[in-house]
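Protein chains in written order, with the UniProt record's numbering: chain A, 1 to 257; chain B, 1 to 257; chain C, 1 to 257; chain D, 1 to 257; chain E, 1 to 257; chain F, 1 to 257. Glycine is no exception: its CB is placed at the ideal position from the N, C-alpha and C atoms. Inspection log for the structure reproduced underneath, given as structure tokens.
Protein chains: 6
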Amino acid sequence: MSSHRAKTGIQAFDNMISGGLIAGSANLIEGAPGTGKTTLAMQFIYNGIVKYNEPGLIITFEEFPQQFYHDALELGWDLRALEKEGMLRVIFSDPETTLHEIENPEGDFVSLIEEYDVKRVAIDSMTHFEYLTRDHYEVRDIERRFINALKREGVTSVLLKENDALLGQVPNSITSKTPFVVDTYILLRYVEVESAIRKALLILKMRGSQHDKDIRQYAITPTGIEVEETFEGHEGIMSGITHRKPQEAFMNVFGKK
Amino acid sequence: MSSHRAKTGIQAFDNMISGGLIAGSANLIEGAPGTGKTTLAMQFIYNGIVKYNEPGLIITFEEFPQQFYHDALELGWDLRALEKEGMLRVIFSDPETTLHEIENPEGDFVSLIEEYDVKRVAIDSMTHFEYLTRDHYEVRDIERRFINALKREGVTSVLLKENDALLGQVPNSITSKTPFVVDTYILLRYVEVESAIRKALLILKMRGSQHDKDIRQYAITPTGIEVEETFEGHEGIMSGITHRKPQEAFMNVFGKK
Amino acid sequence: MSSHRAKTGIQAFDNMISGGLIAGSANLIEGAPGTGKTTLAMQFIYNGIVKYNEPGLIITFEEFPQQFYHDALELGWDLRALEKEGMLRVIFSDPETTLHEIENPEGDFVSLIEEYDVKRVAIDSMTHFEYLTRDHYEVRDIERRFINALKREGVTSVLLKENDALLGQVPNSITSKTPFVVDTYILLRYVEVESAIRKALLILKMRGSQHDKDIRQYAITPTGIEVEETFEGHEGIMSGITHRKPQEAFMNVFGKK
Amino acid sequence: MSSHRAKTGIQAFDNMISGGLIAGSANLIEGAPGTGKTTLAMQFIYNGIVKYNEPGLIITFEEFPQQFYHDALELGWDLRALEKEGMLRVIFSDPETTLHEIENPEGDFVSLIEEYDVKRVAIDSMTHFEYLTRDHYEVRDIERRFINALKREGVTSVLLKENDALLGQVPNSITSKTPFVVDTYILLRYVEVESAIRKALLILKMRGSQHDKDIRQYAITPTGIEVEETFEGHEGIMSGITHRKPQEAFMNVFGKK
Amino acid sequence: MSSHRAKTGIQAFDNMISGGLIAGSANLIEGAPGTGKTTLAMQFIYNGIVKYNEPGLIITFEEFPQQFYHDALELGWDLRALEKEGMLRVIFSDPETTLHEIENPEGDFVSLIEEYDVKRVAIDSMTHFEYLTRDHYEVRDIERRFINALKREGVTSVLLKENDALLGQVPNSITSKTPFVVDTYILLRYVEVESAIRKALLILKMRGSQHDKDIRQYAITPTGIEVEETFEGHEGIMSGITHRKPQEAFMNVFGKK
Amino acid sequence: MSSHRAKTGIQAFDNMISGGLIAGSANLIEGAPGTGKTTLAMQFIYNGIVKYNEPGLIITFEEFPQQFYHDALELGWDLRALEKEGMLRVIFSDPETTLHEIENPEGDFVSLIEEYDVKRVAIDSMTHFEYLTRDHYEVRDIERRFINALKREGVTSVLLKENDALLGQVPNSITSKTPFVVDTYILLRYVEVESAIRKALLILKMRGSQHDKDIRQYAITPTGIEVEETFEGHEGIMSGITHRKPQEAFMNVFGKK
């Protein structure tokens, strides 16, 4: 497994994925509102530029670039400066145009990728492709074609996807076929622990690479995403509502043998 | 994170959100009937005026202003007096008109915001936008446009949203895309504890700011919302139906080590 | 909170709601079949007349008045006698007519309320408004208009609503928007305790008033509703299927410390 | 509560309902396939004739009378003999005809009730009325009219209703509005206890009468339904899948204090 | 209960049903894929011929007879030989033809039953009748007519039905009305026990006969179905995912008193 | 049970299925994204060629052959080399064409199977047949015809199927009728154990063969699928979210007796 890796620059996370995302792969990041999907994507693009010298492209279907500049700046990342240096493009577009201009070998996005020598792309978000048609198969086909076009250009992409589940068991089912089409499938989830809401990250799929199977805590700190330890001592994490393992409860009362 | 803050004037709550809502942001407050959404919004507007000298605007799509005056007065807040002082407007409108008059730079609501130098806006409730069309994407688009218009005017808004879930796990899923569009997402929930119904508040999302991750109790007191402690010693809070942690139960019987 | 109170005459219940329902308010009582909704409504009307001298009006959309007379008489309440005294009217109507005759300031129900000086109204049940149209918003609007008309007349109303949930977690969600529109929202539920079915009452919402947050047991006795203690020592009451708290179980075996 | 009672002749069951069903009332018995609904109805009719001298009528919408004769004979009840004595009629009909001939004061079923002086009626089953129309309100209206017609004739009726739930929490919701329309609502359910399937009976509603709140076991014996004890020592009965109360489990291991 | 019995030849199973299926009855066997429905049906037919001298008929709507011959031979049952002896017919047909040819007193299947003196019939599967129409009532009516035709011919039938539930509580509801129409209702289910999948058999309904209420384990052995013991010591069997009873767990640690 | 076996070459897995898949059978492998369905299929085909000298055919409806070559090479399997040797064909097609060319005895796929003497076929994936029509019965019929055609050609097939369930109880139901039509039904599932996501494999159905009933762990290693031990000491595996058996928890604290 000697594939070239596109490091995210988040050390603990890169460790989980054997060094980084596989160069040229399509990586889905799915989570509920507030789980930090966009932050993770911006961090991947920002670090790509400043740490690994890989020019980036952010395509957004809802937020204006101003919002990206502003939110990134709060985290200490000056995207506008990077744009001026010719290392980044943040573009507001719509799914239909985007598909067309990236699928067509002479499309605008293809030209842009080649002109800027873009190596990393973030899409915010794949969910907007679902609004193009009500035919499930067509959505799947559109997403497949879009992902294939990104791969043809050789870029490493981070594809964001909205997940409506806040907590609980019901939503533990995929709601679109996207996870079957991508190379990597990363889930961000809320978890209730001891009367607080923490965040959990797990990697369910990573084609052509070994990856950590742990469910890890992470935080959105003033300087970006930080991946932390597992939820040791708790059960039912993916149910969203944990409980202490009975063993832990016993030991706290009777002492450890 | 030096953003200007719009304090709610509820001390414990302002502490949870690093000092206050971010000035100019759109803040969603979602809860079941009786969880105090409207009280929280009125308190934000009232305190804004009397404590922080920020003129307010309340737009309501269902209740008549009289109901607001009456309910606020029960809590000791004389909205009518504030209206006479030119510091507040309480307006009964419909979603369609409201969208038009705030999106259009020369619309009535825009004029009103400018004339009164309105700094805080409360919308009761976003749910009514969902009745405008059955097309989910269109609802999302309408809400996005509405929120963008509020931001363009620079006001700090509190957007109420009805949540049909009383208790239990099934509704632990968002039912519209609004939480993805707003800056802040605050949930109010009922929780059964020891044969009583208490209320829980948690902040799931706050763009550009650190915030408390605790699930906190709160009460609607004769003088407004008061945020209290966590549910320490109980598990399963977000399921709506808690149980004592086994450890707590053991300790109560066998004593603490 | 000095609002005038319309006492129900059920002492323990009046205590839970700071003395009584707020005069002029609209109060929703929701429950499964057999939970005693109609009994509670009749008791409110009957006590209003004989204890507090407030004339009453019962509007029923399904049961004939004869059934009301008969059922009330079983509980010792002679409604027919009260009708003869001019203190009560029991009327069988349909939702459409009722809405029209109460919304129109010169409608039949308005005249009747004024002629009899009616102070208390019971509607059995709000559920029948849902059959008027399949448009959710229209139902909400009809109910809002109906409730506003009742308020305009200044009567204190008890609005019954059928809840299809017998037990269990799934139905812990409101099934219509009525609870958002009313002033008070009271839930009646079945609860399994120790191989028996008991009944639980809780108040989720009461605009402009403090109220008890306890989940209380109640019984339908030969003389009407009686509100009793909480379910102390049991958990999961709102799930419909309780279990003893582990602590209680431990103490019963090992003794109390 | 001195209403005349129509005893079922099942001693333990009559005790649960203060002596018997209320004469002239409409009594819903709901259960999954195999819970003994038909057996209970036949027993009510058979005992009515042989023990209390009340002529009976069984209307069936699916089974042929031959099946009834055969199944009853297995339980020692010779329905055919009772028909010959002029004390019973078993009639195969369809819901539409039945409604018409019982609602119309000069209809065939009305004549039959009067000619035979029928006091008890069994309907197998109410579920077939649901096939008449897809309009929920119309079903409710049809059932209400049907029940009112039965009441007008003064008969005590046992109305069977199919429940699709075998076990588990999801179906703990009523699936039609029938329970709101009838006087009595009796549920028959399967319950898993110690790797066996037992049967539970409970009375959720009984207008104008006190009734036992216990969840009772019952069996279909070679001589008919027998009502037995509660499920003492088990929890979660209405979930369909019980567990021993932890207290019981402890006591079996550590002994009783 | 002296009805003539059609023994299945599976000793432990015949014991559960008071000696055998009731001659002339319609018996539904429902289960998920792989639970051995077809094996059970073939065993009933095979044993009928070789042990009890009752000619058999298998009607299949999907599998070719070749598959039946092959699968049966794996279990040591030479169906082809029995066909040659004139004791068995295995016929591939479609639901529409089958209904017609068995309902019509001069239909092909009626002739065949009479010619071969068929006593036992297996239908694989009833599920295919559901594809004939989308009208639930029509499906019920078709199945009722089909079953009545089988009864008219006096055969003992085993009717297979596909159940989509693999494990878990949600599917604990019947998905068609067939169980209400048949005489016997037997469920085959998967159950997780100690990190393995076992199989459970239970009889929910058996008209005119006593039957075992136990939930029994069974296995598909190289010589056919074998019914085994209950799941003693485990709870929650019908949830599909058992757990040890706490009592058992305690005793294994602390010893039995 | 002396059927010829098509070994997968995964020793522990072949042991679970009495030596291998039955030659000529249709074997369904179902799992969520990332569970290794495709890896398992490639391993079956690759081992078939290099270990058992059985030529293989892979038909893919979404991935290009290049992706297969690449992913296989990561696992050390040089598919392209095998193609050159004439032992393998990897073909990108669509469901419609595939059905036609394999059902028609003179179709392209039939010719190819005969020309290459193909013994093993992998289909990635059956799910794509569901996009051909919205009629459930037609999907079933298409799949049955497709499977019959494969059987007619005598090949041993591995049919992949996408399962949308990530974790939890809700999806424990089959979502298509495919499992009823195939000979073997193998489930791959995610399971949360101790704050990590592991993978579980179980065999629910295997016509004409004994098979292991254990729920086994497995891993996708750098050299392919490896089947490991059971989840001993944990309960609730098929719920997706395990917990330690209380007995285990006790023993860890109090010691083993």
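- Here Lys161/D is buried: its Cβ has 16 or more other Cβ atoms, across all protein chains shown, within 10 Å.
- Taking 8 Å as the cut-off, the beta carbon of Pro33/D is found no closer than this to the beta carbon of Phe231/E.
- Residue pairing from DSSP places Tyr190/A in a beta bridge opposite Lys199/A.
- Nearest neighbour of Val182/A by Cα position, chosen from Pro222/A, Glu83/A, Ile10/A and Ile203/A, turns out to be Ile203/A.
- At a C-beta separation below 7 Å, Ser239/F has these neighbours in chain E: Ile241.
- Taking His234/A as reference, the option from Ile237/F, Thr242/F, Gly236/F and Arg120/F with the minimal CA-CA separation is Thr242/F.
- Listed in chain order, the non-local C-beta contacts of Ile197/F below 8 Å within the same chain comprise Tyr190 and Val191, local neighbours out to five positions each way being set aside.
- Taking the Cα positions, Ser209/F is about 8 Å away from Pro222/E.
- In terms of beta-carbon proximity, Tyr131/D lines the interface with chain E, with at least one pair separated by less than 8 Å.
- Sequence-ordered contacts of the segment 152-164 of chain F with chain E are nonexistent [C-beta pairs closer than 9 Å].
- In the displayed model, Asp14/B falls within a helix according to three-state DSSP.
- Neighbourhood of Gln66/A in chain F, by CB distance below 9 Å: empty, with the nearest CB roughly 35 Å away.
- With a cut-off of 8 Å on Cβ pairs, the segment 145-157 of chain C is in contact with the segment 12-27 of chain C, counting three or more such pairs.
- Taking the C-beta atoms as reference points, Pro55/E is found nearer than 8 Å to Leu88/E.
- DSSP places Gln67/E in the uninterrupted alpha helix (DSSP H) bounded by Pro65 to Glu74.
- Here the alpha carbon of Ile123/D sits roughly 8 Å from the alpha carbon of Ser157/D.
- In this structure, Met16/B lies near Arg216/B, with their beta-carbon atoms less than 8 Å apart.
- Looking from the CA of Asn148/C, the closest CA among Asn104/C, Leu82/C and Tyr69/C belongs to Asn104/C.
- Inter-residue distance for Leu159/E and Glu114/D is about 43 Å (C-alpha atoms, whole angstroms).
- With respect to chain B, the C-beta atom of Glu138/A has no partner C-beta closer than 8 Å.
- With respect to Phe68/F, Ser125/F sits apart: the two C-beta atoms are not nearer than 8 Å.
- Under the three-state reduction of DSSP output, Glu101/B falls in the helix class.
- With a threshold of 16 other beta carbon atoms within 10 Å, Ser195/D meets it and is buried.
- Only buried fits Ala200/C, as 16 or more other CB atoms lie within 10 angstroms of its CB.
- For Asp14/A, the closest of Gly240/A, Arg244/A and His211/A by C-alpha to C-alpha distance is His211/A.
- Residue nearest to Ala6/A within the set Ile45/A, Asp141/A, His128/A and Ile142/A is Ile45/A (criterion: CA-CA distance).
- Shown here, Gln217/D sits in a strand according to DSSP, grouped into three states.
- Within the segment 212-226 of chain E, Pro222 place their CB atoms closer than 7 Å to a CB of chain F, listed in sequence order.
- Ile59/C is outside the set of residues whose beta carbon lies under 8 Å from a beta carbon in chain D.
- The shortest CA-to-CA distance from Glu226/F to any of Leu132/F, Met238/F, Val118/F and Leu188/F is the one to Leu188/F.
- Taken in chain order, the unbroken stretches of beta strand (DSSP E) that lie wholly in the segment 110-137 of chain B and span 3 residues or more are 120-124.
- At the C-beta level, Thr178/F and Leu40/F stay beyond 8 Å of one another.
- The beta carbon of His4/C does not come within 8 Å of any beta carbon belonging to chain B, so the residue lies off that interface.
- Nearest to Ile220/A by alpha-carbon distance, out of His4/A, Ala72/A and Gly19/A, is Ala72/A.
- Leu167/B and Val110/E have their C-alpha atoms some 58 Å from each other.
- The continuous stretches of beta strand (DSSP E) do not include Leu166/C, and DSSP gives it neither H nor E.
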